[in-house]
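These notes concern the structure reproduced below.
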Amino acid sequence: RTADTECLLPAGFWSALDVWIKKPHVVNKRLCGAKEDGVREIVDSTEIEILLLSCLGGDRRDRPRLDPEQAEDVLLFLKSGEEQNFGLVEDREGHARGRWSCAVRTVIPKVNSYGSQLHKEVIVKDITQKRVTFLPFEESPDGDKVLHKSNVYQIQLKELSDDQWCVSLWALQPDCWFSDGVVYPRLTWLGSELLPRVVRWATENRLSEFKSTLSLIPIEKYGRLYQHLKDKYKEMVKVWPEVTDPEKFVYEDVAIATYLLVLWEEERIQQGTTTRQSFVDLGCGNGLLVHVLTNEGHPGKGLDVRRRKIWDMYGPQTHLEERAITPSDTCLFPNTDWLIGNHSDELTPWIPVLCARSSYSCRYFVLPCCFFDFSGKFQRRRCTVSQYREYIDFNVQVGSVCGFHVEEDCLRIPSTKRVCLIGRRRSYEPSSEAQVDAARSQYILNRPSFSTKDSIQGAGPEAAWGRGFQPRERTEVVRNCASLPRDLVDSVIQQVAFALLALTPMDSSEGAAWNQGGSLALGEVAELLDKETLRTLRKECGGLQTLLKNKHQVFRVKMSGKAPRGPEGVAVTDASSCVSSAVDSGRVTLRDWRTPKPTPPETRKTQTCWFHEHHPQGCPLEAESCAFAHGTSDLQPASRPRWKHTNTQARAHTCTVR
């Protein structure tokens with residue numbers, strides 16, 4: 010039951026059901042997706058009976074039709090309720106259309122444990138009764154079809170009053186319902202999980218800014234190949250040498266590789282060739298995408314300004330080069346089929362330009378992430394759309410100016426930025442290359458980020474036509490105060506901590522309350538430090554504030570609108586320890602550890618306790634209750650990151666490292 014105060018129903022109901030029909034994986038995470046055949050409008054009940062018999066009983070003379078008793082039960086279920094208007098009805102625009110519409114969808118599981126058996130559903134929409142009936146059946150490779158009568162169900166919308174509606178779920182044989190948890194979910198799941206989603210989708214007045222996921226490739230091919238590659242490269246998770254989370258990066262790159270492999274296979278079929286496409290990955294990072302594409306038979310290489318440790322693990326067949334990429338006539342790829350920009354940051358807007366100038370047959374794939382223009386950060390101009398949508402539109406415009414028909418799609422990856430742009434067809438003939446290239450150059454020069462001093466007029470043929478472009482440094486610069494000299498950091502901590510302690514009187518008598526000290530505004534803390542120290546801190550991101558927040562064992566920095574952080578990230582809500590945010594914004598205090606907090610069993614004491622060593626009254630906690638070491642004898646060696654330890658334990662019984 011739901012209220013429709015914005016008059017979104019019944020149109021919202023049909024839109025919500027279309028999500029479940031076309032994209033069932035957004036609710037049922039064990040599905041890869043669904044493939045829907047063409048929708049057919051039906052005028053009367055006789056026609057729908059003929060169509061159902063054809064879909065569910067086979068259309069070859071030597072095969073039996075649908076059992077008459079089954080057919081009668083199903084048709085009665087379909088036509089239950091009012092019996093009028095079996096002819097034409099009018100839609101919202103006043104156009105005549107059939108009361109019924111019928112389609113067949115194939116449900117695609119993530120993991121295929123059903124062999125060659127296809128799981129399909131006949132989906133019948135009853136326009137006047139505002140209901141959709143799902144009739145599941147299985148189809149063998151020989152064309153034999155078996156209706157799962159026990160799993161036939163309906164979802165219906167009914168109006169109770171002017172703005173009150175009810176969405177209900179009905180099953181033909183609820184007592185005989187069969188479930189395998191994948192293509193046949195439990196009936197209770199449909200009621201507790203699917204139905205609330207349908208209600209929410211139906212009453213949401215929100216349109217997506219982006220295209221549907223995997224709209225440019227066959228989803229069944231993607232599902233099969235992704236599971237194959239995921240199993241093939243899952244060992245990379247266990248031997249990942251980088252500090253980043255392996256599960257995210259490995260499976261994300263495998264998903265991107267799967268998308269490209271299916272896209273390229275479809276391209277070969279369309280072109281009638283068997284030659285695998287070549288590629289260059291610009292800004293390849295860890296190189297895993299290059300490794301997977303190469304292993305799957307595509308010649309190519311990856312370029313990045315910084316070498317990664319994992320590159321040494323791939324072997325000689327994976328070609329990775331450490332070199333800076335500067336847009337110029339000397340950085341083109343005339344013999345390459347595809348240029349790839351996977352989170353290529355400052356290179357992203359340049360990739361369509363590099364592709365267009367490499368050769369007329371060159372194509373590109375980019376997955377924009379960080380917001381960069383041709384020279385420097387991207388400056389947004391529209392506040393009516395999200396910054397991400399505006400940046401995607403900018404890159405679409407760049408591709409169009411470069412002479413491409415730009416296609417947009419959404420990848421199925423664990424990332425908030427998953428919109429990819431593909432340029433695989435030109436919008437001009439090869440004879441117009443000179444005019445189009447002049448338009449490219451003018452567009453780049455007219456960008457606000459491209460300074461007039463970067464003008465390329467009068468440049469020679471070897472000119473760096475991307476003079477304003479700034480490639481990233483070969484050595485990654487860490488500016489989070491982590492690389493500051495240890496003496497400097499210790500000096501600042503001591504100076505600030507003792508200044509806070511001096512704000513309240515110290516009672517040294519036995520049994521006296523532990524002194525937490527007072528509080529200072531960030532500006533007052535800055536006044537305690539000399540100019541040279543402040544100058545050093547200003548070169549770091551966040552400066553003094555970042556340094557103090559990094560030392561959360563010692564300090565608590567309370568900013569406006571944020572709950573203060575307690576041990577292990579627990580928000581402090583005690584009224585005695587918090588002042589109103591209007592007064593307490595940007596203030597620094599010593600952290601209060603007087604109340605011990607439970608720590609995870611895998612926590613190891615890798616740092617000494619500052620309060621135990623420096624506070625006049627010592628640490629308020631006993632050694633066994635403190636998360637930090639009381640003395641060097643209490644220190645423990647550091648362990649691997651928690652996610653790496655968990656992954657190893659979880660897979661120990663099934664995986665072996667090659």
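Position in the sequence shown (first residue = 1) + 9 = this note's numbering. Each residue gets a CB set at the ideal place from its N, CA and C atoms; glycine is no exception. Since the structure is predicted, the reported quantities are computational estimates derived from the model, not experimental observations.
Compare the C-beta of residue i with all C-beta atoms of chain B and state if any pair is closer than 9 Å.
i, result
"Ser-370", "Absence of chain B from the displayed structure is noted, only one protein chain being present."
For a test of the three-state rule: what should DSSP assign to residue i, helix, strand or coil?
i, result
"Trp-23", "helix"
"Pro-227", "coil"
"Arg-209", "helix"
"Lys-154", "strand"
"Arg-72", "Confidence at Arg-72 is low in this model, with a pLDDT of 42, below 50, so its placement is unreliable and no value can be given for it."
"Arg-317", "coil"
"Lys-44", "strand"
"His-624", "coil"
"Ser-188", "coil"
"Ser-590", "With a pLDDT of 31 at Ser-590, under the threshold of 50, the predicted position of this residue should be treated as unreliable, though the coordinate-derived value follows. Correct three-state label for Ser-590: helix."
"Ser-528", "strand"
"Ala-448", "helix"
"Gly-570", "Since pLDDT at Gly-570 reaches only 47, below the 50 mark, its modelled position is unreliable, and no value is offered."
"Phe-342", "coil"
"Val-28", "helix"
"Phe-637", "coil"
"Lys-386", "strand"
"Ser-464", "At Ser-464, the pLDDT of 47 sits below 50, so the modelled position is not reliable; the number obtained from the coordinates is stated separately. Three-state result, Ser-464: coil."
"Leu-178", "strand"
"His-414", "strand"
"Arg-366", "helix"
Taking the CB atoms as reference points, tell me whether residue i and residue j lie closer together than 9 Å.
i, j, result
"Cys-175", "Leu-166", "yes"
"Gly-296", "Gly-309", "no"
"Gly-595", "Lys-567", "yes"
"Gly-42", "Trp-210", "no"
"Leu-17", "Ile-57", "no"
"Arg-600", "Arg-565", "yes"
"Lys-139", "Glu-147", "no"
"Val-263", "Leu-238", "yes"
"Leu-430", "Pro-377", "yes"
"Arg-398", "Phe-637", "no"
"Arg-372", "Asp-346", "yes"
"Leu-223", "Asp-418", "yes"
In terms of residue numbering, what span does the alpha helix (DSSP H) encompassing residue i cover?
i, result
"Asn-404", "396–410"
"Asp-382", "From DSSP, Asp-382 is part of no alpha helix (DSSP H); its letter is neither H nor E."
"Trp-273", "255–280"
"His-128", "Element bounds for His-128: not the alpha helix (DSSP H) but the beta strand (DSSP E), 127–135."
"Thr-612", "No alpha helix (DSSP H) holds Thr-612; DSSP gives it neither H nor E."
"Ser-440", "No alpha helix (DSSP H) holds Ser-440; DSSP gives it neither H nor E."
"Glu-305", "Segment: none, Glu-305 is in no alpha helix (DSSP H) and carries neither H nor E."
"Leu-557", "552–559"
Where DSSP assigns a beta bridge to residue i, which residues make up the other side?
i, result
"Cys-419", "Thr-222 and Val-428"
"Phe-374", "Ile-349 and Ile-431"
"Pro-118", "Leu-40"
"Asp-290", "Gly-311 and Ile-349"
"Arg-603", "Answer by DSSP bridge pairing: none, since Arg-603 is not bridged."
"Leu-111", "In the sequence on display, residue 111 carries Cys and not Leu. The partner list for Cys-111 (beta bridge, DSSP) reads Arg-49 and Val-133."
Only counting the same chain, and skipping five residues up and downstream in sequence, which positions put a Cβ closer than 8 Å to that of residue i?
i, result
"Phe-187", "His-157, Ser-159, Asn-160 and Tyr-193"
"Glu-416", "Leu-225, Leu-430, Ile-431, Gly-432 and Arg-433"
"Arg-613", "Gln-645, Pro-646, Ala-647 and Ser-648"
"Gln-504", "Leu-537 and Leu-538"
Ends of the beta strand (DSSP E) at residue i?
i, result
"Ile-164", "162–168"
"Phe-143", "140–148"
"Phe-507", "Looking at the DSSP string, Phe-507 is not in any beta strand (DSSP E); the run it does join, the alpha helix (DSSP H), is 495–510."
"Glu-519", "First-last for Glu-519: undefined, no H or E at that position."
"Val-597", "596–599"
"Glu-330", "328–331"
Which residues in the same chain have their Cβ closer than 6 Å to the Cβ of residue i, if we skip the five residues on either side of it in sequence?
i, result
"Ile-401", "Val-428"
"Pro-150", "Ser-125"
"Gln-93", "Reliability of the predicted coordinates at Gln-93 is poor, the pLDDT of 45 falling under 50, and the value obtained from them is presented with this limitation in mind. Counting only Cβ-Cβ distances below 6 Å, and skipping sequence neighbours, we find nothing."
"Gln-525", "Leu-599 and Asp-601"
For residue i, collect the residues of the same chain with a Cβ closer than 7 Å to its Cβ; drop the 5 residues on either side in sequence, then sort them by chain order.
i, result
"His-639", "Cys-618, His-621, Cys-628 and Ala-632"
"Cys-411", "Pro-361, Val-362, Ala-365 and Arg-449"
"Tyr-452", "Val-410"
"Ile-422", "Glu-261, Ala-264 and Ile-265"
"Ala-535", "Leu-543 and Leu-553"
"Ile-228", "Cys-41, Gly-42, Lys-44 and Ile-117"
"Asn-404", "Thr-357, Pro-358, Val-375, Pro-377 and Leu-430"
"Cys-379", "Asp-354"
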